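In this note's numbering, the protein residues as written are 16 to 465.
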């Protein structure tokens, strides 16, 4: 079945038989059947009242509606299309065409095709680049833990960026100590899946490098401090930060954004085993403090610290880390927006704005210095576990800040609450952070400027 896509603002624009229906709500869709071609009417308001994210959501709704109504070909009416914001609408439309079904015997075959006037071909290409990058991040998070583990993730990265100008370097388990990734080596040693670090470099502009550090725990059982929750299978998504960085690097490369970015992905599987690290162990970081392991389930901050120290040893002074770090951030902010921290409040304000633009919503949380007392240790410089159950996202951020040098501009994104699709978590991974990081890099001069 095919249908023509039409936008309307007033009921007088609808066919007579539809004019008695309620059209007050933005995004209302009506399907009008004809012998020649069906028509899909979409309720909008005046264009200046609709944000880009409204258009993205509308594109997603249109795709879902067509799929339900078995519309296989949707034709955009050229005269009517002046009412729409094409690129974000198509972004939403293409993002909605996602199903993780590679392990199903009965795979989904149908897809909804959008037929566009020639004048919108470039808009469609841009929208597809964005959607494809988000789908990369979603695929990574949705993969089962026995299919995606540190070494297979590294192999995937080599294939993903093979035809781009992103250089992929993998620091193997045997090389971790020499390269200074002591925490990655320690956290990953309990698993049969060997830990590694992926370093992705994209340099197509002469400017100072920015580092993106993404937590890549391919499965997190909690280690010796084993998790007891009923939904522990979701811990295959504990690499959401690494997935976001991977998706962003793919989008930056495909969009040919002038930039100089080094992505650092510490990749581990955190499980208990004969050789697993233990509570009370002490990790002495290269060019950094000593850390007492208070809890093996607070592993993400340990490996992020390795990534930050490595970036600073390379002379990088603009660092963004992103991680599915604490369940506590969801208690504070719910499931729609991630928590953000920075050692510069002006940067936090800009980051909030990029969240609004990208649709990866964020909200600033405080680096309350007085809470550092909860990370005190009697045997090392700092503990990886707070002594209080309160403010867990804040104390985790304070732990990471302990590794950030005074001259470094730093942003921390705690996205543990946003890794699943909102509002329906049953749809799996969200791909959160991909567009946010893309916007940060694309606007890096504005972000880090005075």
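Beta carbons: idealized from backbone N, C-alpha and C, even for Gly.
All figures in this text were calculated on a predicted structure; none of them were measured in a lab.
Check: Should residue 102 be labelled buried (16 or more other beta-carbon atoms within 10 Å of its own) or exposed?
Finding: buried
Notebook entry, point to check: Which ranges would you report for the alpha helix (DSSP H) in the segment 415-443 if only whole runs of at least 4 residues count?
Noted result: none
Item checked: Residue from 398, 387 and 335 with nearest C-alpha to residue 300 -> 398
Checklist line | C-beta contact flag for residue 11 and residue 321 at 8 Å | finding: Residue 11 cannot be examined here, being either before or after the span of the chain that is shown, 16 to 465.
Next item on the list: Just the C-alpha distance for residue 387 and residue 44, rounded to the nearest angstrom, thanks.
Entry: 53 Å
Check: Run through DSSP, which three-state label would residue 209 get?
Finding: coil
Checklist line | Same chain, Cβ closer than 6 Å to residue 358, neighbours up to 5 away in sequence not counted | finding: 425
Margin query: So, for residue 454: in the same chain, excluding its five sequence neighbours on each side, which residues have a beta-carbon less than 8 Å away from its beta-carbon?
Written below: 369, 372 and 373
Item checked: Helix, strand or coil at residue 114 [DSSP, three-state] -> coil
Check: How many angstroms separate the CA atom of residue 24 from the CA atom of residue 58?
Finding: 6 Å
Item checked: residue 60, DSSP secondary structure in three states -> coil
Note to self: I believe residue 449 touches residue 152 by the beta-carbon criterion, under 8 Å. Please report the beta-carbon distance rounded to the nearest angstrom.
What the structure shows: 5 Å
Margin query: Three Cβ pairs or more, each shorter than 8 Å: is that satisfied between the segment 265-273 and the segment 303-321?
Written below: no
Margin query: For a quick check, are the C-beta atoms of residue 348 and residue 432 less than 8 Å apart?
Written below: yes
Notebook entry, point to check: CB-CB under 8 Å to residue 310, same chain, minus the five flanking residues each way: which ones, in chain order?
Noted result: 240, 294, 399 and 400
Item checked: Contacts around residue 148, its chain only, beta-carbon distance under 6 Å, and the 5 residues preceding and following it disregarded -> 262, 265, 266 and 449
Note to self: To the nearest angstrom, how far is the alpha carbon of residue 462 from that of residue 220?
What the structure shows: 17 Å
Check: Just to confirm, are residue 284 and residue 197 a CB contact at a threshold of 8 Å?
Finding: no
Margin query: I'd like the span of the alpha helix (DSSP H) that includes residue 321, first residue to last.
Written below: 315-328
Notebook entry, point to check: Given that a residue counts as buried once 16 or more other Cβ atoms are within 10 Å of its Cβ, and exposed if not, what is residue 435?
Noted result: buried
Next item on the list: Just tell me which of 253, 290 and 303 has its CA closest to the CA of residue 157.
Entry: 253
Next item on the list: Could you check which residue in 201, 364, 138 and 246 has the C-alpha nearest to that of residue 238?
Entry: 201
Margin query: Could you give the first and the last residue of the continuous alpha helix (DSSP H) run that contains residue 157?
Written below: 136-157
Checklist line | Selection from 332, 92, 56 and 171 that minimises the alpha carbon distance to residue 30 | finding: 56
Margin query: Whole angstroms are fine: how far does the CA of residue 114 sit from the CA of residue 323?
Written below: 35 Å
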